[in-house]
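For reference, the structure discussed in these notes is given below.
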Amino acid sequence: MEEQTKPDSVESKSEKQKPNPAGMSESRFSGMSRRELLKVAPVLALGAFAIPGAQEWLLKKGLGFSDWASEFTFRAGHLAPTFSDSELTPFEKFPINDYDVDDPGVIFENWTLTVSGAVQKPGDYKLEQIQALPRTRQNTRHVCVEGWDVIGRFGGTRLSDFMKMIGADTSSRFIALTCADDYYETLDMATALHPQTLLCYEMYDRPLTRGHGAPLRLNIPTKIGYKQAKWLTDLKVTNIVKKVGYWEDQGYSSFYGL
Amino acid sequence: MSGAVVEIVRTKGEETEAVARAVYEHPLPVRLCHWLNAISLFVMTGSGLQIFRAFPSFGAKIPQKDLLHWPKAFAIGGWLGGALQWHLTFMWIYIATGIIYVAYEIFSGNYRQVLFTHRDIPGVWPMVKHYFFFGEKPPQREVYNPLQKHAYTTAIVLGALSVVTGFAIWKPVQFSWLAWPMGGFHWARLWHFFVMWALIAFVFGHLVMVLLHGWNNFLSMLTGWKKDPEY
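Residue numbers (our numbering), protein chains in the order written: chain A, 6 to 263; chain B, 1083 to 1313.
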C-alpha cells in the first residue's frame, strides 16, 4: 500500500492544474480499492448468526460468556442494597408470579423440606426446625427478568445457617431445589452461602402467604426473580445437575446474578 | 497512510489526463469497527425492544400502565428469553468494538478527524444555516465539517452511555454505585431506553445524509478511499 501511494501523495497545487504524469491509473486505483474492500470482508463472519444451526450454538456461547462474567463479578461479601421501611412497595402491590398455578395446594401440616445429597444429616426437616435458627429480616429489591422491580420485606433463616445444621459439604458446587408446583431451580454454592440468601418464611413481618410460596421460598437479593423458587419441597447438595431450572432449561441465563 | 492523496489518471496513447482525485479517509480498523458496530447496534436495538415488550412500562407492576406497544415485527429474538440471548451475546461485540475503536483513535491520532473541539464551534452556525436554511455552503477543509464532528462525537458518547446504563440495570447489586448518578435503578432503565432512542435518531440522520449526498462517502467507509473530495 505504502509503495503504491507514496509517489502520488507528493502532490502540489501546481500539479493539480495539469495532468500528473505520476498519477495512479484508473485500473490501478480500482484494483487497490477492491483489495481494500476485501479487507473489510471479515465483518461478514457475523453472518454466521444468520445460519439457523450455528445461531443456536453461538447464542448459547454468548449467554454462557455472560454467565461466566456474572459469576466473575459476584463477590461473596458484597451486600445488595437495603432500603428503609418507607421505600417498601406495599404488600398488595408485590406481584405474585409463577409459571403455572398461584397456589399448588400445599398441606401445611404434612409439609417438610426433604434434604439429600452431600450432607451429614439428610432427612425431612419441619418448618419449626428451620424457624428455630436465627431469623434475618431485610428490605431488598426483587428484580424480575421482565424488567419490573419491587422492594419487599423478607424474613427467614439464612441458607448458610441451615447448611451448617444439615452438615452440608460446602465444597459441592450446587444446591438443587424442587417445588410443590414442579418448578425446579439450581443455585451455585457461593450464592447459597451469601449472608442475604434466605430460606424465607415471612414477608412484611407476617407468615408467607400461599401466593408468595408458603410455607417456604427462597429470597436471594443477589439473583434475578426466577431463581427465587417458591413452595420448596426438596433440597439437594450436589456436584451434578442434569437440569438447571424451569426457565434456564428453556434458554434463560443459568447464573443470572444481579 | 491516513490522509494520503492520489491523482487518478487516464492514459490515451501519449496523452495522460487527470480524471479524479482520491483521499484515503478511513484506515482499516475504523472501517472494521464501523461495520461491526452497525451490525451489533442493530441487534442490540432490536433485541432491546423485544426485551422491553416483556414490560413496556417504567412505572409499577401493579397497576401496570404500558408506555407503548412495540410491534414484534420490528424486534429481534422472538420472545424474552431469545432476545436476552441476542442482547447478552452482542453486547460483548458492541463493547469490544467500542473499546478497540476508541483506543485506535487515541493512539493513531486519528481522533483529530472526528473529535469535536472548541475550534469547531465557530463553524457550527454556518453549517446549520447551510443544512437547514438554504445558506451558502461553507468551504470544507477537512474530512468532516463541524456539524459532522459534533454528531459523531455525540454518537460515541451515547455509545459509552448505552453500555454504562446497561450495566447499571444488568448488575444492580455488584455495580450498585453505577445507578446512583442516574437516579437509581428505575431511572437507569429509563436512561438506557432514552440513550437507545438518541442512537436511533443519530442513525436515522446518518442514513438520511448518506442517501442525500453520500455515494462516495459510503464507498469510502468500505474501501477507505474517497473520490473527488470537496477539500
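Built from N, CA and C at the ideal position, the CB exists for glycine as well.
Run through DSSP, which three-state label would Thr-227/A get?
-> coil
Just how far apart, CA to CA, sit Ile-1121/B and Thr-1179/B?
-> 11 Å
Under three-state DSSP, which class holds Glu-97/A?
-> helix
So, are the CB atoms of Leu-267/A and Lys-1253/B less than 8 Å apart?
-> Outside the shown range of chain A (6 to 263) lies residue 267/A, about which nothing can therefore be said.
Taking Ser-71/A as the query, report the chain B residues whose CB atoms sit under 7 Å from its CB, ordered along the chain.
-> Leu-1170
Apart from the five residues on each side of it in sequence, which residues of its chain come closer than 7 Å, Cβ to Cβ, to Leu-1294/B?
-> none
Return the bridge partner residues of Ser-121/A from the DSSP annotation.
-> Lys-241/A
Give the residues from the segment 132–157 of chain A that approach chain B closer than 8 Å (Cβ to any Cβ), ordered along the chain.
-> Arg-146, Val-148, Cys-149, Val-150, Glu-151, Gly-152, Trp-153, Asp-154, Val-155
Simplified DSSP assignment, three categories, for Ala-3/A = Residue 3/A lies beyond the stretch modelled for chain A, which goes from 6 to 263, so this question has no answer here.
From which residue to which residue does the alpha helix (DSSP H) around Glu-41/A run?
-> 31–44
Pick from Lys-1094/B, Phe-1172/B, Thr-1093/B, Gly-1130/B that is closest to Leu-51/A, judged by C-alpha positions = Phe-1172/B
Kindly indicate which residue of Ala-81/A, Ala-195/A, Leu-132/A has the alpha-carbon position closest to the one of Asp-239/A.
-> Leu-132/A
Where does the unbroken beta strand (DSSP E) through Lys-1309/B begin, and where does it stop?
-> 1307–1309
Counting only the same chain and skipping the five closest in sequence on each side, list residues whose C-beta sits under 7 Å from that of Trp-1152/B.
-> Leu-1131, Phe-1134, Arg-1135, Pro-1138
Inter-stretch contact (C-beta, 8 Å, three-pair minimum) for the segment 32–50 of chain A and the segment 1292–1312 of chain B = yes
Who are the Cβ neighbours of Lys-228/A in its own chain at under 7 Å, not counting the five residues just before and after it?
-> Thr-196, Tyr-261, Gly-262, Leu-263
Count the other C-beta atoms from every protein chain shown that fall within 10 angstroms of the C-beta of Thr-1199/B, then say buried if there are 16 or more, exposed otherwise.
-> exposed
Specify the secondary structure class of Phe-1300/B as computed by DSSP and reduced to three states.
-> helix
When you compare each of Gly-230/A, Asp-154/A, Pro-212/A, Leu-204/A to Ile-1144/B by their alpha carbons, which one comes out closest?
-> Asp-154/A
Does the beta carbon of Ser-1190/B sit closer than 8 Å to a beta carbon anywhere in chain A?
-> no
Kindly indicate which residue of Tyr-188/A, Gln-255/A, Phe-99/A has the alpha-carbon position closest to the one of Val-106/A.
-> Tyr-188/A
Please report the Cβ distance between Trp-252/A and Val-111/A, rounded to the nearest whole angstrom; I am assuming they are in contact, meaning their Cβ atoms lie under 8 Å.
-> In fact, because the Cβ distance is near 21 Å, the residues do not count as touching under 8 Å.
Using three-state DSSP, classify Ile-1090/B as helix, strand or coil.
-> strand
Taking Asp-154/A as part of the beta strand (DSSP E), name the residues at either end of that continuous run.
-> 154–163
Determine, using beta-carbon pairs with one atom in the segment 1191–1208 of chain B and one in the segment 1230–1240 of chain B, whether at least three such pairs fall under 8 Å.
-> yes
Length-filtered (3 minimum) beta strand (DSSP E) runs lying within the segment 126–214 of chain A | 128–130, 140–148, 154–163, 179–184, 189–193, 203–208
Anything in chain A within Cβ reach of Val-1290/B, meaning under 8 Å, just list it in chain order.
-> The contacting residues do not exist; Val-1290/B stays about 23 Å from chain A at best.
Who pairs with Thr-87/A in a beta bridge, going by DSSP?
-> Thr-145/A
Among the residues of its own chain, which have a CB less than 6 Å from the CB of Thr-1098/B, if the five just before and after it don't count?
-> Val-1091
Spell out whether any CB of chain B is found under 8 Å from the CB atom of Glu-16/A.
-> The pLDDT assigned to Glu-16/A is 43, lower than 50, so where the model puts this residue is not dependable; a value taken from the coordinates is nonetheless given after this. Yes - at least one Cβ of chain B is within 8 Å of the one on Glu-16/A.
Could you tell me whether any Cβ in chain A is nearer than 8 Å to the Cβ of Arg-1201/B?
-> no
Would you check if the distance between the CB atom of Leu-203/A and the CB atom of Phe-159/A is smaller than 8 Å?
-> yes
Using a C-beta to C-beta distance shorter than 9 Å, which residues of chain A count as neighbours of Phe-1267/B?
-> Pro-86, Arg-146, Val-148, Asp-154
Residues of the segment 1290–1306 of chain B with a CB closer than 9 Å to any CB of chain A: list them in chain order, please.
-> Leu-1301, Met-1303, Leu-1304, Thr-1305, Gly-1306
Can you give me, in chain order, the residues of the segment 1266–1287 of chain B that have a beta carbon less than 8 Å from any beta carbon in chain A?
-> Phe-1267, His-1268, Arg-1271
So, do the segment 1247–1262 of chain B and the segment 1097–1111 of chain B have three or more beta carbon pairs nearer to each other than 8 Å?
-> no
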